[in-house]
């Protein structure tokens with residue numbers, strides 16, 4: 001099968017509330033931005049694939065309104081996943097690998113500000129047993145964190161260390177939401193929010209949009225000097241019932257990581273999509289990343305967490321860091337669902 | 353300890369799980385201006401630049417190019433029927449009693465149609481291409497809503513053939 005390379009990636013500045021700027025407008029600006037920066041035209045894209053969630057806007061088929069940002073008339077080849085844009089990337093990669101397309105534009109977007117995100121996301125739970133209980137995302141993650149602490153898998157200080165590093169790393173990322181210098185002691189002195197989670201253990205609520213261009217390596221080389229090859233890509237899902245899973249490990253991440261070939265060569269850095277601090281530690285373990293691996297040099301989802309784009313953002317940031325020459329090989333991860341239910345792992349490498 | 357299963361218990365076939373979520377919807381800049389303008393009895397559309405296709409209601413982005421359609425233009429409240437359908441089936445909770453006519457209307461100067469009602473004539477007299485004009489509610493009753501227009505009423509007979517309209521669309 002053919003290889004696939006990342007040409008370019010761009011995201012809007014992350015904001016808590018984009019106010020009257022709607023999803024379509026956020027996308028329009030960032031899509032035109034990436035197109036111009038790459039010196040290509042929208043019509044050069046053989047395939048367009050997007051990821052979003054209609055529950056965020058509270059309107060059925062809300063995703064259709066966003067499609068105008070890619071100039072879909074006359075008709076184009078296009079698809080959508082009701083998931084993070086990382087899974088739109090997955091679909092687009094398959095299209096290129098199977099020879100159905102030579103290039104693709106992928107976007108993910110989310111305007112979470114209109115609703116109560118914690119409650120909105122509870123609708124991703126199974127509709128018979130859990131959703132009617134309105135188990136919200138933060139409470140579910142808090143139960144997971146409590147299990148991890150009880151079992152001694154990690155400590156509150158470990159979680160604070162994740163936050164401290166995330167915010168410090170985010171200082172070098174333009175347009176991110178939360179950054180700065182916070183000591184572990186300072187963070188641990190904060191009160192709990194949903195015990196045992198403190199406010200800073202939870203990703204912020206973000207409005208934004210992200211876009212990526214991928215292509216065959218041949219085409220990617222025409223469009224940019226430093227294409228980044230996706231050398232491995234896999235995604236695995238676990239039971240929708242959290243009580244049937246061991247929440248203190250991430251088996252699906254482990255399986256996906258092995259299938260994607262994470263450990264076949266040394267890993268220099270990893271961009272992990274962990275909306276809660278304790279989950280980053282679980283992911284790190286599941287992927288077998290030791291202390292020599294830089295984790296979330298972008299700050300990760302704890303610095304900015306655009307729903308339905310934050311996973312694609314991890315892959316995008318990882319690609320950009322390889323393009324900048326800072327690294328040559330890294331892992332990017334995206335998650336979906338409650339308590340790390342569904343996980344995607346990508347291995348990215350510089351073209352030698 | 354688990355309770356013993358009652359053999360006479362009624363089987364659960366249906367469960368009710370109502371979902372209610374509150375959203376704070378913010379109209380975009382273009383939509384706000386459109387709603388403001390129809391409160392004043394005026395249609396507006398948007399386009400990328402002079403001479404480019406005009407969209408009504410105004411869209412923030414042109415679907416042909418993906419470029420921002422920032423130029424707002426005023427449009428008349430006259431146009432023609434692109435196609436129509438006579439509705440005979442009542443719609444629950446809809447105050448409009450059948451038979452009534454729903455038409456796709458192309459405003460003069462616009463490049464995209466929208467749906468509205470046709471009235472003010474016999475349903476049998478409606479024709480594709482027929483010229484129509486908006487019948488507005490009295491100013492005091494108007495709100496920020498397309499319902500400010502009661503319906504579109506015929507002002508002239510068809511000035512275009514259905515075949516020509518099909519090409520335009």
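Residue numbers (the working numbering), protein chains in the order written: chain A, 1 to 352; chain B, 353 to 521. In this text, a Cβ means the ideal position worked out from N, Cα and C, and glycines have one as well. Remember, it's a predicted structure, so these values are computed and weren't measured experimentally.
Interface partners of residue i on chain B, CB under 8 Å
| i | result |
| --- | --- |
| residue 73/A | 415, 416 |
| residue 19/A | 378 |
Whether residue i touches residue j by CB criterion (8 Å)
| i | j | result |
| --- | --- | --- |
| residue 9/A | residue 212/A | yes |
| residue 238/A | residue 341/A | yes |
| residue 77/A | residue 46/A | yes |
| residue 333/A | residue 271/A | yes |
| residue 31/A | residue 88/A | no |
| residue 214/A | residue 106/A | yes |
| residue 167/A | residue 179/A | yes |
| residue 380/B | residue 25/A | yes |
| residue 350/A | residue 322/A | yes |
| residue 204/A | residue 305/A | yes |
| residue 188/A | residue 160/A | yes |
| residue 85/A | residue 210/A | yes |
| residue 363/B | residue 494/B | no |
Straight-line Cα distance separating residue j from residue i
| i | j | result |
| --- | --- | --- |
| residue 83/A | residue 51/A | 5 Å |
| residue 377/B | residue 110/A | 14 Å |
| residue 150/A | residue 196/A | 11 Å |
| residue 486/B | residue 424/B | 20 Å |
| residue 367/B | residue 133/A | 13 Å |
| residue 244/A | residue 128/A | 15 Å |
| residue 273/A | residue 35/A | 26 Å |
| residue 482/B | residue 475/B | 12 Å |
| residue 22/A | residue 395/B | 22 Å |
| residue 201/A | residue 135/A | 18 Å |
| residue 2/A | residue 218/A | 10 Å |
| residue 422/B | residue 443/B | 37 Å |
| residue 20/A | residue 100/A | 38 Å |
| residue 157/A | residue 251/A | 24 Å |
| residue 326/A | residue 143/A | 37 Å |
| residue 43/A | residue 104/A | 10 Å |
| residue 269/A | residue 418/B | 36 Å |
| residue 285/A | residue 222/A | 38 Å |
| residue 463/B | residue 431/B | 11 Å |
| residue 95/A | residue 7/A | 16 Å |
| residue 61/A | residue 459/B | 26 Å |
| residue 80/A | residue 308/A | 12 Å |
| residue 403/B | residue 429/B | 20 Å |
| residue 490/B | residue 496/B | 13 Å |
Expected contact under 8 Å - CB spacing of residue i and residue j to nearest Å
| i | j | result |
| --- | --- | --- |
| residue 503/B | residue 472/B | 7 Å |
| residue 164/A | residue 182/A | 5 Å |
| residue 53/A | residue 92/A | Contact doesn't hold; Cβ gap of about 18 Å is too wide. |
| residue 147/A | residue 247/A | 5 Å |
| residue 345/A | residue 256/A | 4 Å |
| residue 4/A | residue 97/A | 6 Å |
| residue 468/B | residue 501/B | 6 Å |
| residue 433/B | residue 480/B | 6 Å |
| residue 169/A | residue 299/A | 5 Å |
| residue 137/A | residue 338/A | 7 Å |
| residue 335/A | residue 206/A | In fact, because the Cβ distance is near 15 Å, the residues do not count as touching under 8 Å. |
| residue 393/B | residue 427/B | At roughly 12 Å, the Cβ-Cβ gap does not stay under 8 Å, so residue 393/B and residue 427/B are not in contact. |
| residue 71/A | residue 415/B | 6 Å |
| residue 301/A | residue 348/A | The pair is not a contact, with the Cβ atoms about 18 Å apart (cut-off 8 Å). |
| residue 484/B | residue 448/B | Residue 484/B to residue 448/B, Cβ: 17 Å. No contact. |
Neighbour flag for residue i against chain E, beta carbons, 8 Å
| i | result |
| --- | --- |
| residue 128/A | In the displayed structure, chain E is absent; the protein chains listed are A and B. |
Under 9 Å from the C-beta of residue i: neighbouring residues of chain B
| i | result |
| --- | --- |
| residue 163/A | Residues of chain B passing the Cβ test: none, with the nearest at roughly 29 Å. |
| residue 6/A | By Cβ distance, chain B contributes nothing, its closest Cβ being about 21 Å from residue 6/A, past 9 Å. |
| residue 131/A | 369, 371 |
| residue 28/A | 412, 413, 418, 419, 420 |
Interface residues of chain B facing residue i [CB-CB closer than 7 Å]
| i | result |
| --- | --- |
| residue 70/A | 418 |
| residue 106/A | Under the 7 Å cutoff, chain B gives no residues; its nearest Cβ is about 15 Å from residue 106/A. |
| residue 24/A | 412, 413 |
| residue 31/A | 418 |
| residue 42/A | 418 |
Proximal residues of chain A, C-beta to C-beta of residue i below 9 Å
| i | result |
| --- | --- |
| residue 486/B | What residue 486/B touches in chain A: nothing, since even the nearest Cβ is about 25 Å away. |
| residue 406/B | The contacting residues do not exist; residue 406/B stays about 15 Å from chain A at best. |
| residue 373/B | 55, 58, 115, 116, 119, 120, 123 |
| residue 445/B | Neighbours of residue 445/B on chain A: none; closest Cβ ~19 Å, over 9 Å. |
Interface partners of residue i on chain A, CB under 8 Å
| i | result |
| --- | --- |
| residue 377/B | 58, 114 |
7 Å Cβ cut-off: residues of chain A touching residue i
| i | result |
| --- | --- |
| residue 411/B | 68 |
| residue 381/B | 20 |
- Any contact of the segment 281 to 289 of chain A with the segment 300 to 318 of chain A, i.e. 3+ C-beta pairs under 8 Å? Touching, no, given that fewer than three Cβ pairs across the two stretches are closer than 8 Å.
- Hey, is the segment 218 to 228 of chain A in contact with the segment 106 to 120 of chain A, meaning 3+ C-beta pairs nearer than 8 Å? The count of Cβ pairs closer than 8 Å, one atom from the segment 218 to 228 of chain A and one from the segment 106 to 120 of chain A, stays below three, leaving the stretches out of contact.
- Item | Sufficient close CB pairs (3 or more, under 8 Å) joining the segment 397 to 416 of chain B to the segment 437 to 455 of chain B | Touching, no, given that fewer than three Cβ pairs across the two stretches are closer than 8 Å.
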